[in-house]
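Q: So that we are looking at the same thing, I have put the structure below in structure tokens.
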Amino acid sequence: MNSRCAACKYLRRRCPSDCIFSPYFPSNDPQRFACVHKIYGASNIAKMLQQIPQHLKAEAANSMYFEAWCRLADPVYGCVKTISLLHQQIDHAHSQLAIIQAEITFYKAQIHEDNNQTQNADQWLPASTFHK
Amino acid sequence: MASSSNSPCAACKFLRRKCQPECVFAPYFPPDQPQKFANVHKVFGASNVTKLLNELHPHQREDAVNSLAYEADMRLRDPVYGCVGVISLLQHQLRQLQMDLSCAKSELSKYQNLGITSHGLIAAAAAAASTHGHHHPQNLGINLIGGGGRDHHYHHQFFPREQQQMIRTFDATNNYDASLLAMNVSASIGPLGQFHQPRAAGGDDRRSIDPS
């Protein structure tokens, strides 16, 4: 009966029945709360969760955990480094696409020109057709 | 670098305290950017930020503060997903681009494999094959348009392995709904450019994060 959530265990307090943390910080994953607590602090997490609609609180807790985990892994950039790298990858992919599209345009232009040349050359074939 | 006694930094103004010469916040929260500290304080709290900064070398602190400011800004704009929503959106964009690239490459190879018998193209192909040690001898247009130095290998890896693992583990355990994420972050992508390239956003106009 006395099963405190990970947050209340960490904070060494009684876990009330309406504990804001308990649905998202189960006792079997103490590291999860320790991680978010280190970055955000308990009161900030509680405030943020309180402001979020009930059906989205779990998602919010998960995203906070992810960002906190990234920040502990990389204290300087956290998850922002991933965002930066994704931007670089997107820019690179855009450049690659532009190059390939330019090449396609080149081929199309060549084909068009070759077709024109072929048509023009045909005009000089069997004189009987064109010259009277 | 600390503020003088008659111009407290944004943090000390917010916290309504005297800004000491050795104030840890002063170099990174100038008084003309009050929103920056307000956001960071709201999401992380002053003492957590102090602890984080104290664990870093001084030369790392500016980048750390700027990335924290960005995260705080994203979290306040999107309280449910914060930066995670931005990451999800960018991943989606990147996947879309890779599909577009794949289609474009496919179309390009159709032209390359046409076996065009035009005298112009054959001559160009011969020239390309003989003068350039290119590993795509049939890419007639590469050196004419893209330049000889272009590398046509594009990376399948979105970001460094440890970040990939981070994202994969997170995705595997949480199963985000991509459409829900997209709806929530549609407004978040705007300030991303402000962080990526220095611009006055929620107060951060100093510099962008350089992950290198």
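Chains as they are written, first to last, in this note's numbering: chain H, 1 to 132; chain U, 133 to 344. Cβ atoms here follow ideal geometry from the backbone N, Cα and C, with glycine treated the same way.
Within a Cβ cutoff of 7 Å, which residues of the same chain sit near residue 3 of chain H, ignoring the five residues on either side of it in sequence?
A: Counting from one through the first sequence, the residue named residue 3 of chain H turns up at place 3. Hits under 7 Å: 27.
Q: State the DSSP-derived secondary structure class of residue 378 of chain U, mapped to helix, strand or coil.
A: The structure shown does not extend to residue 378 of chain U, since chain U is modelled only from 133 through 344, so no value can be given for it.
Q: Does residue 243 of chain U have its Cβ less than 7 Å from a Cβ in chain H?
A: In the second sequence, residue 243 of chain U corresponds to position 111, counting from 1. By this cut-off, residue 243 of chain U is an interface position.
Q: Would residue 7 of chain H be called buried (16 or more neighbouring beta carbons within 10 Å of its own) or exposed?
A: As a working mapping, residue 7 of chain H is identified with position 7 in the first sequence. By the neighbour-count rule (16 or more Cβ atoms within 10 Å), residue 7 of chain H is buried.
Q: Check the Cβ-Cβ distances between residue 239 of chain U and every residue of chain H, and say whether any is below 7 Å.
A: Stepping through the second sequence from its first residue, residue 239 of chain U is reached at position 107. Yes, because at least one Cβ of chain H sits closer than 7 Å to the Cβ of residue 239 of chain U.
Q: Among U:214, U:246 and U:146, which one has its Cα closest to the Cα of residue 165 of chain U?
A: Position 33 of the second sequence, counted from the start, is the residue given in the question as residue 165 of chain U. Out of U:214, U:246 and U:146, U:146 has the C-alpha closest to the C-alpha of residue 165 of chain U.
Q: Helix or strand or just coil, what does DSSP make of residue 100 of chain H?
A: Along the first sequence, read from residue 1 onward, the residue named residue 100 of chain H stands at position 100. Residue 100 of chain H falls in the helix class under three-state DSSP.
Q: Say whether chain H places a C-beta atom closer than 7 Å to the C-beta of residue 201 of chain U.
A: Sequence index remark: in the second sequence, residue 201 of chain U carries index 69 (1-based). Not an interface residue.
Q: Return yes when the Cβ of residue 172 of chain U is within less than 7 Å of the Cβ of residue 207 of chain U, no when it is not.
A: Within the second sequence, residue 207 of chain U is the residue found at index 75, counting from 1. Within the second sequence, residue 172 of chain U is the residue found at index 40, counting from 1. No, the Cβ-Cβ distance between residue 207 of chain U and residue 172 of chain U is not below 7 Å.
Q: Using 10 angstroms around the beta-carbon of residue 209 of chain U, count the other beta-carbons present and answer buried if the total reaches 16, otherwise exposed.
A: The sequence position of residue 209 of chain U within the second sequence is 77, counting from 1. Residue 209 of chain U should be labelled buried.
Q: In whole angstroms, what separates the C-alpha of residue 182 of chain U from that of residue 205 of chain U?
A: For the purposes of this step, residue 182 of chain U is taken as residue 50 along the second sequence, with counting starting at 1. For the purposes of this step, residue 205 of chain U is taken as residue 73 along the second sequence, with counting starting at 1. Going from the Cα of residue 182 of chain U to the Cα of residue 205 of chain U covers about 18 Å.
Q: Between residue 170 of chain U and the rest of its own chain, which residues show a CB-CB distance below 7 Å, the 5 nearest in sequence each way excluded?
A: As a first step, residue 170 of chain U is located in the second sequence; it is residue number 38 there, counting from the start. Excluding residues within five positions, the ones whose Cβ falls inside 7 Å are 146.
Q: Following the continuous alpha helix (DSSP H) through residue 39 of chain H, name the residue where it begins and the one where it ends.
A: Stepping through the first sequence from its first residue, residue 39 of chain H is reached at position 39. Unbroken alpha helix (DSSP H) run through residue 39 of chain H: 30 to 39.
Q: Given a cut-off of 7 Å on the beta-carbon distance, is the pair residue 10 of chain H and residue 32 of chain H in contact?
A: Counted from its first residue, the first sequence places residue 10 of chain H at position 10. Counted from its first residue, the first sequence places residue 32 of chain H at position 32. Result no, Cβ atoms of residue 10 of chain H and residue 32 of chain H do not sit closer than 7 Å.
Q: Can you tell me whether DSSP reads residue 59 of chain H as helix, strand or coil?
A: Looking up residue 59 of chain H in the first sequence gives position 59. Of the three classes helix, strand and coil, the one that applies to residue 59 of chain H here is helix, per DSSP.
Q: Are the C-beta of residue 186 of chain U and some C-beta of chain H separated by less than 7 Å?
A: Taking the second sequence and counting its residues from 1, the one referred to as residue 186 of chain U is at position 54. No, residue 186 of chain U does not count as interfacial toward chain H.
Q: Enumerate in chain order the residues of its own chain whose CB-to-CB distance from residue 74 of chain H is below 8 Å, with the five nearest sequence positions on each side excluded.
A: What you label residue 74 of chain H is simply residue 74 of the first sequence in a count that begins at 1. Answer for residue 74 of chain H: 81, listed in chain order.
Q: So with CB distances below 7 Å, who are the chain U contacts of residue 75 of chain H?
A: What you label residue 75 of chain H is simply residue 75 of the first sequence in a count that begins at 1. By Cβ distance, chain U contributes 184, 187, 188 and 196.
Q: Please report the straight-line C-alpha distance between residue 220 of chain U and residue 240 of chain U, rounded to a whole angstrom.
A: Translated into the one-based positions of the second sequence, residue 220 of chain U becomes position 88. Translated into the one-based positions of the second sequence, residue 240 of chain U becomes position 108. Going by the C-alpha atoms only, they are around 30 Å apart.
Q: My guess is that residue 77 of chain H and residue 195 of chain U are in contact by the Cβ rule of under 8 Å, so how many angstroms apart are they, rounded?
A: For the purposes of this step, residue 77 of chain H is identified with residue 77 of the first sequence, where counting begins at 1. For the purposes of this step, residue 195 of chain U is identified with residue 63 of the second sequence, where counting begins at 1. Confirmed, about 7 Å.
Q: Residue 76 of chain H by DSSP, collapsed to three states: which one?
A: Against the first sequence, residue 76 of chain H aligns to sequence position 76. Here residue 76 of chain H sits in coil by DSSP.
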